[in-house]
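Enquirer: Numbering-wise, the UniProt record's numbering puts 9 at position 9 of the sequence shown, and it's gapless, one number per residue. Even for Gly, the Cβ is constructed at its ideal location relative to N, Cα and C. Let me give you the structure first, and then I'll get to my questions.
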Amino acid sequence: MLTTSNMSLFGTTSGFGTAGTGVFANTADNHNPMKDVEVTSPPDDSISCLAFSPPSMPGNFLIGGSWANDVRCWEVQDNGQTVPKAQQTHTGPVLDVCWSDDGSKVFTASCDKTAKMWDLNSNQAMQIAQHDGPIRTIHWIKAPNYSCIMTGSWDKTLKFWDTRSPNPMMSLQMPERAYSADVVYPMAVVATADRGLIVYQLENQPSEFRRIESPLKHQHRCLAIFKDKQSKPTGFALGSIEGRVAIHYINPPNPAKDNFTFKCHRSNGTNTATPQDIYAVNAISFHPVHGTLATVGSDGRFSFWDKDARTKLKTSEQLDQAITACSFNSNGNIFAYASSYDWSKGHEYYNPQKKNYILLRNAAEELKPRNKKCLRPSAVAIAGGGRIYRGALSAYALLERVDKRLVELQLKAQGVNQSEAEIKLFYKNGKDEHSAGGEQPEKELKKLVAEEGQLKRALGMKND
């Protein structure tokens, strides 16, 4: 089964920026409006996946798989050059790639129903897995008592492989086709067709742990596991074709509060007066140091988010193609993203002359969590009640209180009787017993509307 494909330097060495001498000296146009670093000799067809080398490996190496049936390896050098190193091929599009924990092997999954193990030192590749349908996901699992490859397929099976054996060590049936997956030992999560979500535990031997009702209403597109402060996997982010991401904890103390969804990768329309375009979330990646996350979409933009503060850190300018994949390097200083056609508009919009790009961005500062802003006690007293104030609240927690309070005050001002039970928490005899000045609802409403506007401006949010 051992095969060797041609080892090729598929292009010449290229520095960061062909139009200048600095690391970020690229000339920007529609395909690179952020002036990010262009990787030399990208694939000839849509790029499906990217993966940086693990921290155990010196230097930075980037693997990219594509619909051109190939997988390529680049070295990202300290001096700002990207050097093509080698490539391997399948007989069908490559849908997913991953690294072994020591960085000596790369594993590739393909529409040709096979998975391969690529030894980078010898540049030899051998088949290690076989399914009855295209293999959509592939992940390396390093457990204390075993190591294996996990493959998820459109044949509705999840299989685990010892790379020394042609037969799977375990095969688990899934209710539907695998669309996306992630592994952070001892947890694996698979998102399937028909909005399925399955959590697996990997200790001792893999087994199904729980099936989760999807928090999203539309087709799953991508998934990534996040860790807690002790670096243990604690939940996952799930993206859909409907421009929305769900943050879901496996065992949250307060599910209704801790789990949430947010909109992203949408145009500025309102869905009423102005139509809003909604785009798929194509990939999600968590920063390895800060725990913040990146999303990339069919709108040709990437965005950085702080899930703990529930805020957006940055949105890129728009590229002239969709962004189909992304990855952070092991220390989080480099963010790689791929610009390709994702077929979301069908074959009539496919332009075979359009080039594909892999771009590298300095991510050292932009992914740092936003400092939690605190407001003066008077604002807290207005929003949450002077008697229950117990120290400064983060701006986002305060904004939630303001929004809740606004609804209550608006209902009170309109004389809506059914809101009386809720309003009794704050009112007695038409006055707020907790407010700083005991204003009537109409006066306090005006004050809170102004306060909310100030809060939203401080947080970089738009007023509704």
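(1) Which residue or residues does DSSP assign as beta-bridge partners of D182?
(2) Is the separation between the beta-carbon of W99 and that of P54 shorter than 8 Å?
(3) Report the rounded CA-to-CA distance for G235 versus A294, giving the unit in angstroms.
(4) Assuming the contact rule is C-beta atoms closer than 8 Å, A181 and A191 should be a hit. Round their C-beta distance to whole Å, please.
(5) By the three-class DSSP mapping on this structure, what secondary structure does K368 have?
(6) Which first and last residues belong to the alpha helix (DSSP H) in which residue 494 is found?
(7) Compute the Euclidean distance between the alpha carbons of N121 and S267, then round it to the nearest angstrom.
(8) Where does the unbroken alpha helix (DSSP H) through A338 begin, and where does it stop?
(9) Between which two residues does the alpha helix (DSSP H) containing R134 stretch?
(10) Less than 8 Å between the C-beta atoms of K159 and P166, yes or no?
(11) Can you give me the Cβ contacts of A325 inside the same chain, cut-off strictly under 6 Å, excluding the 5 residues immediately before and after it?
(12) How would you label D258, buried or exposed, when you count the other beta carbons within 10 angstroms and need 16 or more for buried?
(13) Measuring CA to CA, which of T261, R177, Q230, Q173 is closest to S214?
(14) Since L359 and D36 are thought to touch, with beta carbons under 8 Å apart, how far apart are those beta carbons, to the nearest angstrom?
(15) Would you kindly report the start and end of the unbroken alpha helix (DSSP H) that includes K257?
(16) Applying the 10 Å Cβ sphere with the 16-neighbour rule, what's the burial state of A450?
(17) What is the C-beta distance between P233 and H290, in whole angstroms, given that I count them as a contact (C-beta under 8 Å)?
(18) Pick helix, strand or coil for R211, following the three-state DSSP scheme.
(19) On the premise that K263 lies in contact with G243, defined as a C-beta separation below 8 Å, what is that separation, rounded to the nearest angstrom?
(20) Which residue's Cα is closest to the Cα of S285: N204, S147, A363, A125?
(21) Opposite Y357 in the DSSP bridges: which residues?
(22) Y349 by DSSP, collapsed to three states: which one?
(23) With a threshold of 16 other CB atoms inside 10 Å of the CB of Q87, please say whether the residue is buried or exposed.
(24) DSSP state of A322, grouped into three classes?
(25) Pick helix, strand or coil for D119, following the three-state DSSP scheme.
(26) In this structure, how does DSSP classify A283 when only helix, strand and coil are distinguished?
(27) If you run the structure through DSSP and keep just helix, strand and coil, what is F450?
(28) Can you tell me whether R164 is helix, strand or coil according to DSSP?
(29) Whole angstroms is fine: what's the gap from P186's alpha carbon to V97's?
(30) Can you find the residues in the same chain that come closer than 7 Å, C-beta to C-beta, to Q173, ignoring five residues on each side of it along the sequence?
(31) Please work out which residues of its chain come closer than 6 Å, Cβ to Cβ, to S231, disregarding the five sequence neighbours upstream and downstream, and give them in chain order.
(32) Can you tell which of R310, H220, S303 has the C-alpha that lies nearest to the C-alpha of I323?
(33) For a quick check, are the C-beta atoms of N40 and W74 less than 8 Å apart?
(34) What residues in its chain sit with their C-beta under 8 Å from that of E317, if we drop five residues either side in the sequence?
(35) Measuring straight from C-alpha to C-alpha, what distance separates Q130 and C111?
(36) Measuring straight from C-alpha to C-alpha, what distance separates T91 and N69?
Expert: Checking against the coordinates, here is how it stands:
(1) The partner list for D182 (beta bridge, DSSP) reads V189.
(2) Against a cut-off of 8 Å, the Cβ pair of P54 and W99 comes out as a contact.
(3) Going from the Cα of G235 to the Cα of A294 covers about 16 Å.
(4) The beta carbons of A181 and A191 sit about 7 Å from each other, so the pair counts as a contact at 8 Å.
(5) K368: coil per DSSP, three-state reduction.
(6) No statement about residue 494 is possible, as the shown extent of the chain runs from 1 to 464 and does not include it.
(7) About 46 Å.
(8) Bounds of any alpha helix (DSSP H) do not take in A338; it lies within the beta strand (DSSP E) bounded by 334–340.
(9) Per the sequence presented here, residue 134 reads as Pro, with Arg not at that position. Run containing P134: none; DSSP gives neither H nor E here.
(10) Contact flag unset, no.
(11) The answer, listed in chain order, is I47, C49, L50, A283, A338.
(12) Exposed, by the Cβ-count rule.
(13) Taking S214 as reference, the option from T261, R177, Q230, Q173 with the minimal CA-CA separation is T261.
(14) L359 to D36, Cβ: 4 Å. Contact.
(15) Annotation for K257: the continuous alpha helix (DSSP H) segment containing it runs 255–258.
(16) A450 sits exposed, since fewer than 16 C-beta atoms from the chains shown fall within 10 Å of its C-beta.
(17) Between P233 and H290 the beta-carbon gap is near 16 Å, outside 8 Å, which marks them as no contact.
(18) Reduced to three states, the DSSP call for R211 is strand.
(19) Rounded, the Cβ-Cβ distance is 6 Å, consistent with contact.
(20) With distances taken between Cα atoms, S285 lies closest to A363.
(21) Partner(s): S339.
(22) DSSP places Y349 in the helix class (H, G or I) of the three-state scheme.
(23) Counting Cβ neighbours within 10 Å, Q87 comes out buried, since at least 16 surround it.
(24) Residue state, collapsed to three classes: strand.
(25) D119 falls in the strand class under three-state DSSP.
(26) The three-state secondary structure of A283, taken from DSSP, is strand.
(27) The sequence shown places Ala at residue 450, rather than the Phe named in the question. It is helical.
(28) In the structure shown, R164 sits in coil (DSSP, three-state: anything other than H, G, I, E or B).
(29) Between the C-alpha atoms of P186 and V97 there is a straight-line separation of about 20 Å.
(30) Around Q173: K156, T157.
(31) The answer is none, since no qualifying residue turns up.
(32) Nearest of R310, H220, S303 to I323, Cα basis: S303.
(33) According to the sequence provided, residue 40 is Thr. The question's Asn does not apply to it. Cβ distance < 8 Å, so T40 and W74 count as in contact.
(34) Excluding positions up to five away in sequence, the list reads P33, M34, R301.
(35) If you take the alpha carbons of Q130 and C111, they lie about 11 Å apart.
(36) Taking the straight line joining both Cα atoms gives about 6 Å.
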